[in-house]
Amino acid sequence: MLHGKTALVTGSAKGLGKRTALTLARLGCDVAVNYVNSESEAYALVGELEALGVRSMAVQADVSRREDNVRLIGTVEREWGAVDILVNNAGPFIRERRTFDEYELDEIDEVLHGNLLGVMQLDRLALPGMRRRGWGRIVHFGFGRAAEARGWPHRAVYAAAKVGLVSLTKTLAEELAASGVTVNMICPGDIRGANKEKSIEEVAHLNDPEFPGVRQGSGEDVARVIGFLCMPQSDFLTGNIMEVSGGFDPIRSLADARGGGA
Numbered sequence: 001m002l003h004g005k006t007a008l009v010t011g012s013a014k015g016l017g018k019r020t021a022l023t024l025a026r027l028g029c030d031v032a033v034n035y036v037n038s039e040s041e042a043y044a045l046v047g048e049l050e051a052l053g054v055r056s057m058a059v060q061a062d063v064s065r066r067e068d069n070v071r072l073i074g075t076v077e078r079e080w081g082a083v084d085i086l087v088n089n090a091g092p093f094i095r096e097r098r099t100f101d102e103y104e105l106d107e108i109d110e111v112l113h114g115n116l117l118g119v120m121q122l123d124r125l126a127l128p129g130m131r132r133r134g135w136g137r138i139v140h141f142g143f144g145r146a147a148e149a150r151g152w153p154h155r156a157v158y159a160a161a162k163v164g165l166v167s168l169t170k171t172l173a174e175e176l177a178a179s180g181v182t183v184n185m186i187c188p189g190d191i192r193g194a195n196k197e198k199s200i201e202e203v204a205h206l207n208d209p210e211f212p213g214v215r216q217g218s219g220e221d222v223a224r225v226i227g228f229l230c231m232p233q234s235d236f237l238t239g240n241i242m243e244v245s246g247g248f249d250p251i252r253s254l255a256d257a258r259g260g261g262a
């Protein structure tokens, strides 16, 4: 369904990005794999994608650096002539729980640049080509309930960046509606570890200990929604903040967070 289209998935050597890259390749896309440090995993994925009958390349770039973003988009456009689909999966995340005053200034810069400013730069660099061709798909990544702009204890900087992306998603959707370009945001639930690369079938028997009776999430849950949004027939779906979370709220209260929650 997407034969002849080119996709760039940032942060795609592993995890949700890898699962998304494989899904888009199975739909016919040529896929550019982006990585920062995971070179061996990136080139292994390139081999998997090419085995599916599509073109693939691996491009090293840190999305928190403007010069890397310019080189990333430029490389794909020079080699393949276009970036038709841009999936902004990459973004630094500090796992250690901290209150805002415990962040170093350099850490604030890194998280904001990687999750907000870098995404804005990549969108801006890819958009002229999408407008010129009259077709494009942009997908941002958020977190559960990001559209509500709620507080997220111990994740202040990351949450602020992603909530900023909510506004950008909705703004670009309106600005680009007449250009054949859609912009949406995916908000994954608490999909952990190896599950990020697994299929729905592989996790179907695994219950979520925090939500009895509900299975754990998988990378396929996220990737299949992205694949659907990228379809040519999905051109009426834009400006959406889409929860892929099993219906549950991943944000814990401050008391829960102190006790070991998200």
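Numbering of the sequence shown is given in full-length UniProt numbering, commencing with residue 1 and proceeding in unit increments. Each residue gets a CB set at the ideal place from its N, CA and C atoms; glycine is no exception.
For Ile241, the uninterrupted beta strand (DSSP E) segment begins and ends at 241-244.
Contact between Leu22 and Ala7 fails: their C-beta atoms lie close to 11 Å from each other, not under 8 Å. Cα atoms of Ala51 and Arg150: separation of roughly 43 Å, rounded to the nearest angstrom. If you look at Gln121, you'll find it isn't in any beta strand (DSSP E); it sits in the alpha helix (DSSP H) that goes 118-133.
In this structure, DSSP gives Tyr103 a state outside helix and strand, which the three-state scheme calls coil. Taking every protein chain shown into account, the CB of Ala204 has fewer than 16 other CB atoms within 10 angstroms, so this residue is exposed. Taking a contact as a CB-CB distance under 8 Å, the pair Leu176 and Val183 counts as one, their CB atoms being some 6 Å apart. Taking C-beta atoms as the reference points, Lys14 and Ser38 count as a pair closer than 7 Å. DSSP, read as helix, strand or coil, puts Pro232 in helix.
The C-beta distance from Leu16 to Pro188 rounds to 7 Å, short enough to meet the 8 Å contact threshold.
Nearest neighbour of Ile226 by Cα position, chosen from Arg132, Arg137, Gly81, Glu48, turns out to be Arg137. Apart from sequence neighbours up to five positions away, the residues of its chain that approach Thr75 with a beta-carbon distance below 7 Å are Val59, ordered along the chain. Boundaries of the alpha helix (DSSP H) harbouring Asn69: 66-80, taken from the DSSP string. Put simply, of Leu72, Gly28, Val63, Ala156 the residue whose alpha carbon is nearest the alpha carbon of Pro92 is Val63. Apart from the 5 residues on each side of it in sequence, Lys18 sits with its Cβ closer than 7 Å to the Cβ of Ser12, Leu45, Glu197 in its chain, given in chain order. With respect to the 7 Å criterion, Ala126 and Ile186 are not classified as neighbours on the basis of their beta carbons.
Beyond the five residues adjoining it in sequence on each side, Val181 comes within less than 6 Å, by CB distance, of Met130, Gly136 in the same chain, given in chain order. With fewer than 16 other beta carbons inside 10 angstroms of its own, Asp101 counts as exposed. The continuous alpha helix (DSSP H) containing Arg19 extends over residues 15-26.
Per DSSP, the continuous alpha helix (DSSP H) segment holding Ile200 begins and ends at 200-203.
Judged by pairs of C-beta atoms under 8 Å, the region 143-160 does not touch the region 211-224, as fewer than three such pairs exist. Annotated as proximal: Thr10 and Asn88, with beta-carbon spacing under 7 Å.
Comparing alpha-carbon positions, the option among Glu67, Val83, Tyr43 lying closest to Cys230 turns out to be Val83.
Under the three-state reduction of DSSP, Asp30 is assigned to strand. In the three-state reduction of the DSSP assignment, Ile94 falls in the coil class.
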